[in-house]
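**Q** So that we are looking at the same thing, I have put the structure below in structure tokens.
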Amino acid sequence: MLDKVGIAKRIAKEIKNGYYVNLGIGIPTLVANYIPEGMSIVLQSENGLLGMGPFPFEGEENPDLINAGKQTITIVPGSAFFDSAMSFGMIRSRKVDLTILGAMEVSDTGDIANWKIPGKMVKGMGGAMDLVASAKNIIVAMQHVNKAGESKLLTRCELPLTGVGCVKKIVTELAVLDITPQGFRLLERAPGVSVEEIKNATEGRLIIDGDIPEMVID
Amino acid sequence: MNKTIANAEEAIKGIEDNMTLMLGGFGLCGIPENCIAALVKKGVKGLTCIANNAGVDDFGIGLMLHKHQVKKMISSYVGENAEFERQLLSGELEVELIPQGTLATRCLAAGYGMPVIYTPAGVGTEVAIGKEVRKFMVDGVEKEFLMEYAFDADYALVKAWKGDTQGNLIFRGTARNFNPMMAMAGRTTIAEVEELVPAGELDPDHIHVPGIYVHHIFQGVNYEKRIEQRTVRKR
């Protein structure tokens with residue numbers, strides 16, 4: 001089974017040289033720490049920055065320089081600032097190659113829910129609805145089951161949707177899965193996790209084709 | 219054309235109960251601190267506020283929420299604000315949550331003089347309820363888009379890094395965010411700046427918002443520029 005860092009490390013392997021990448025809040029943010037050495041990618045922060053660098057050293061925080069999670073950050077050589085309209089312009093016109101975000105639920109047709117639990121939690125969708133509606137490629141980092149042990153990979157999302165038919169790939173603590181017209185397709189198992197465990201944790205349609213390899217995480 | 223006025227109190231003189239305001243900023247970054255303080259002091263009520271966030275409990279628009287000055291918020295993300303969540307769940311506050319790109323582009327449309335936009339954000343979700351959906355070909359694929367209206371706000375309150383007496387504005391870093399398109403969208407736009415300079419001192423090539431969009435500009439004071447999530451790494 002993977003921890004949060006493990007999920008981030010596995011997702012980092014999906015990033016290709018030359019990509020513009022938008023990272024959501026939570027596990028996706030951690031992905032930035034595991035981008036392979038020598039790879040040239042640019043991180044987009046939808047509040048108005050291309051070329052997001054690491055957190056600043058203590059004492060060097062700048063209140064005019066934050067990421068979409070409102071954390072203090074730094075810039076890198078070649079960074080550019082822009083306004084919110086242009087930021088979503090580049091997202092809508094599919095200039096961003098990869099979007100990595102968290103989810104509360106995903107359906108086997110690629111629907112995603114991650115912004116609201118009616119009666120309990122209403123934080124808002126932020127930029128997530130824009131990102132999922134337009135992204136070329138969306139990878140979701142999420143827990144396979146909730147705290148009560150119930151599957152979050154469903155036939156149909158129960159929570160209010162963020163987007164419809166948009167998720168391409170999911171990385172959970174148990175597995176890597178693709179979304180196909182036939183449902184979730186199991187690609188890899190997390191270290192020490194059996195196909196049976198993944199089956200039991202997946203409520204939506206699950207395709208298991210041949211031997212499923214174990215993930216390789218450095 | 220000199221658009222300079224003395225301070226925030228004078229700038230917001232025309233803001234009355236039940237008006238619709240746009241407030242620039244993302245989180246607490248680039249918010250019109252002076253104008254918010256003046257609105258709190260003035261005590262205008264029944265406001266509809268278009269702003270990406272609602273501040274935090276004790277700063278930004280959160281200060282106006284505490285005094286029950288806000289009737290309705292139109293925002294994309296309102297986490298990190300307990301008082302906001304309380305007023306929302308108790309029904310004291312009306313809230314319209316909309317996608318962040320939709321929020322930005324509805325401001326942009328107003329500033330560009332266009333009545334509507336079409337966006338794919340929210341198609342198939344509860345955001346789409348009651349809205350016109352149209353199909354367009356994009357990149358050779360037919361896709362559904364929602365029609366969203368340009369905002370109409372009585373006032374836009376924005377914060378810039380530098381401005382000149384003509385109302386030309388320059389922003390810094392990610393404090394730019396919603397400020398430029400809101401400046402363009404307000405029926406009346408008030409800009410507060412960290413540094414107000416005489417006309418001619420700003421390089422015309424560096425101006426983000428030309429002064430034609432700005433009605434009043436003033437030199438701001440006592441900026442706190444609070445950091446919401448201070449994150450650092452070890453040396």
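As they're listed, the protein sequences go chains H and F.
Residue 180 in the numbering used here sits at position 180 of the first sequence, and the numbers go up by one each step.
Residue 226 in the numbering used here sits at position 8 of the second sequence, and the numbers go up by one each step.
Here a beta-carbon is modelled for each residue, glycine too, at the ideal position from N, C-alpha and C.
A quick note: this is a predicted structure, and the numbers were derived from the prediction, not measured.
Please identify, using Cβ separations under 9 Å, the residues of the segment 137-170 of chain H that lie next to chain F, in order along the chain.
**A** So the close ones are P160, L161, T162, G163, V164, G165.
**Q** Measure from the alpha carbon of V432 (chain F) to the alpha carbon of each residue in F:L281, F:C253, F:A409, then state which is nearest.
**A** Position 214 of the second sequence, counting from 1, holds the residue named residue 432 (chain F). For V432 (chain F), the nearest C-alpha among the options comes from F:A409.
**Q** Evaluate H286 (chain F) with the Cβ neighbour count: other Cβ atoms within 10 Å of its Cβ, from every protein chain shown; 16 or more gives buried, anything less gives exposed.
**A** Stepping through the second sequence from its first residue, residue 286 (chain F) is reached at position 68. The residue in question, H286 (chain F), is exposed, as its Cβ has fewer than 16 Cβ neighbours within 10 Å.
**Q** In three-state terms, what does DSSP make of Q305 (chain F)?
**A** Counted from its first residue, the second sequence places residue 305 (chain F) at position 87. Correct three-state label for Q305 (chain F): helix.
**Q** Using the C-alpha atoms, what's the distance from K231 (chain F) back to A256 (chain F)?
**A** Here residue 256 (chain F) refers to the residue found at position 38 when the second sequence is read from its first residue. Here residue 231 (chain F) refers to the residue found at position 13 when the second sequence is read from its first residue. Straight-line Cα distance between these residues: approximately 9 Å.
**Q** For N299 (chain F) versus G331 (chain F), is the C-beta spacing smaller than 8 Å?
**A** Here the question's residue 299 (chain F) lines up with position 81 in the second sequence. Here the question's residue 331 (chain F) lines up with position 113 in the second sequence. No, the Cβ-Cβ distance between N299 (chain F) and G331 (chain F) is not below 8 Å.
**Q** Classify G280 (chain F) as helix, strand or coil using the three-state DSSP reduction.
**A** For the purposes of this step, residue 280 (chain F) is identified with residue 62 of the second sequence, where counting begins at 1. In the structure shown, G280 (chain F) sits in a helix (DSSP, three-state: H, G or I).
**Q** To the nearest angstrom, report how far apart R394 (chain F) and N440 (chain F) are at their CA atoms.
**A** As a first step, residue 394 (chain F) must be located in the second sequence, where it is residue number 176. As a first step, residue 440 (chain F) must be located in the second sequence, where it is residue number 222. If you take the alpha carbons of R394 (chain F) and N440 (chain F), they lie about 19 Å apart.
**Q** Return the Cβ separation of A371 (chain F) and G404 (chain F) in integer angstroms, given the expectation that the two are a contact with Cβ distance under 8 Å.
**A** Start at 1 with the first residue of the second sequence, and residue 371 (chain F) comes out as number 153. Start at 1 with the first residue of the second sequence, and residue 404 (chain F) comes out as number 186. That belief holds up - the Cβ atoms of A371 (chain F) and G404 (chain F) are roughly 5 Å apart, short of 8 Å.
**Q** Alpha carbon to alpha carbon, what distance is there between L311 (chain F) and P333 (chain F)?
**A** On the second sequence, residue 333 (chain F) is found 115 positions in, with the first residue counted as 1. On the second sequence, residue 311 (chain F) is found 93 positions in, with the first residue counted as 1. So the alpha carbons of these two residues sit roughly 27 Å apart.
**Q** Can a CB atom of chain F be found closer than 8 Å to the CB of I212 (chain H)?
**A** Within the first sequence, the letter at position 212 stands for residue 212 (chain H). No, because no Cβ of chain F sits closer than 8 Å to the Cβ of I212 (chain H).
**Q** When we look at the beta-carbon of A322 (chain F) and count the other beta-carbons within 10 Å, is it buried (16 or more) or exposed?
**A** As a first step, residue 322 (chain F) must be located in the second sequence, where it is residue number 104. That one is buried.
**Q** By Cβ distance below 8 Å, which residues in the same chain neighbour G280 (chain F) in space, the five residues on each side in sequence not counted?
**A** Looking up residue 280 (chain F) in the second sequence gives position 62. Once the five neighbours on either side are set aside, the close Cβ partners of G280 (chain F) are A272, G273, V274, N299, E301, F302.
**Q** Step through the CB atoms of chain H and report whether any lies within less than 8 Å of the CB of L340 (chain F).
**A** To locate residue 340 (chain F), count along the second sequence from 1; it is residue 122. Per the sequence shown, the amino acid found at residue 340 (chain F) is Gly instead of Leu. Cβ-Cβ to chain H under 8 Å: yes for G340 (chain F).
**Q** Alpha helix (DSSP H) containing E196 (chain H): first to last residue?
**A** Counting from one through the first sequence, the residue named residue 196 (chain H) turns up at place 196. Note, E196 (chain H): alpha helix (DSSP H), 195-201.
**Q** Taking 8 Å as the CB-CB limit, is Q447 (chain F) close to chain H?
**A** Taking the second sequence and counting its residues from 1, the one referred to as residue 447 (chain F) is at position 229. It does; some Cβ of chain H falls within 8 Å.
**Q** Between which residues of its own chain and D218 (chain H) is the CB-CB distance below 8 Å, once the five residues before and five after are set aside?
**A** Indexing the first sequence from 1 puts residue 218 (chain H) at position 218. Result list for D218 (chain H): K9, in chain order.
**Q** Could you name each continuous alpha helix (DSSP H) segment of 4 residues or more that falls completely within the segment 13-72 of chain H, going from the start of the chain to the end?
**A** Whole alpha helix (DSSP H) segments, 4+ residues: 27-31.
**Q** In whole angstroms, give me the CA-to-CA distance for V195 (chain H) and I212 (chain H).
**A** In the first sequence, residue 195 (chain H) corresponds to position 195, counting from 1. In the first sequence, residue 212 (chain H) corresponds to position 212, counting from 1. Going from the Cα of V195 (chain H) to the Cα of I212 (chain H) covers about 8 Å.
**Q** Pull up the distance between the alpha-carbon of R453 (chain F) and that of D111 (chain H), whole angstroms please.
**A** On the second sequence, residue 453 (chain F) is found 235 positions in, with the first residue counted as 1. On the first sequence, residue 111 (chain H) is found 111 positions in, with the first residue counted as 1. Going by the C-alpha atoms only, they are around 42 Å apart.
**Q** Give every residue of the same chain whose Cβ lies closer than 7 Å to the Cβ of Y19 (chain H), excluding the five residues on either side of it in the sequence, and list them in chain order.
**A** By one-based count along the first sequence, residue 19 (chain H) stands at place 19. For Y19 (chain H), where only same-chain residues beyond five positions count, the Cβ hits under 7 Å are I41, D97, L98.
**Q** Does P398 (chain F) come out as helix, strand or coil in the three-state DSSP assignment?
**A** To locate residue 398 (chain F), count along the second sequence from 1; it is residue 180. Three-state result, P398 (chain F): helix.
**Q** Based on Cα-Cα distance, which residue from F:F244, F:G264, F:Y373 lies nearest to H434 (chain F)?
**A** What you label residue 434 (chain F) is simply residue 216 of the second sequence in a count that begins at 1. The candidate whose alpha carbon is nearest that of H434 (chain F) is F:Y373.
**Q** Which residues in the same chain as E227 (chain F) place their Cβ atom closer than 7 Å to its Cβ, once the five residues preceding and following it in sequence are excluded?
**A** Within the second sequence, residue 227 (chain F) is the residue found at index 9, counting from 1. Result list for E227 (chain F): A256, in chain order.
**Q** Of the residues that make up the segment 390-405 of chain F, which ones have a beta carbon closer than 7 Å to any beta carbon in chain H?
**A** Those would be R390, G391, T392, A393, R394, N395, F396, P398, M399, in chain order.
**Q** According to DSSP, is C325 (chain F) helix, strand or coil?
**A** Position 107 of the second sequence, counted from the start, is the residue given in the question as residue 325 (chain F). Three-state result, C325 (chain F): helix.
**Q** Is the separation between the beta-carbon of L174 (chain H) and that of A201 (chain H) shorter than 8 Å?
**A** Residue 174 (chain H) sits at position 174 when you count from the first residue of the first sequence. Residue 201 (chain H) sits at position 201 when you count from the first residue of the first sequence. Yes, the pair counts as a contact, with Cβ atoms nearer than the cut-off.
**Q** Alpha carbon to alpha carbon, how far is Q305 (chain F) from V288 (chain F)?
**A** Indexing the second sequence from 1 puts residue 305 (chain F) at position 87. Indexing the second sequence from 1 puts residue 288 (chain F) at position 70. Each residue's Cα considered, the two are about 10 Å apart.
**Q** Residues in the same chain with beta-carbon distance under 6 Å from A133 (chain H), minus the five sequence neighbours each way, listed in chain order, please.
**A** The count along the first sequence starts at 1 and reaches residue 133 (chain H) at position 133. Hits under 6 Å: G163.
**Q** Three-state secondary structure (DSSP) at H433 (chain F)?
**A** Stepping through the second sequence from its first residue, residue 433 (chain F) is reached at position 215. Looking at H433 (chain F) - three-state DSSP - the assignment turns out to be coil, as it is neither helix nor strand.
**Q** Return no unless some Cβ of chain F is closer than 8 Å to the Cβ of D130 (chain H).
**A** Counting from one through the first sequence, the residue named residue 130 (chain H) turns up at place 130. Closer than 8 Å to some Cβ of chain F, the Cβ of D130 (chain H) qualifies, so yes.
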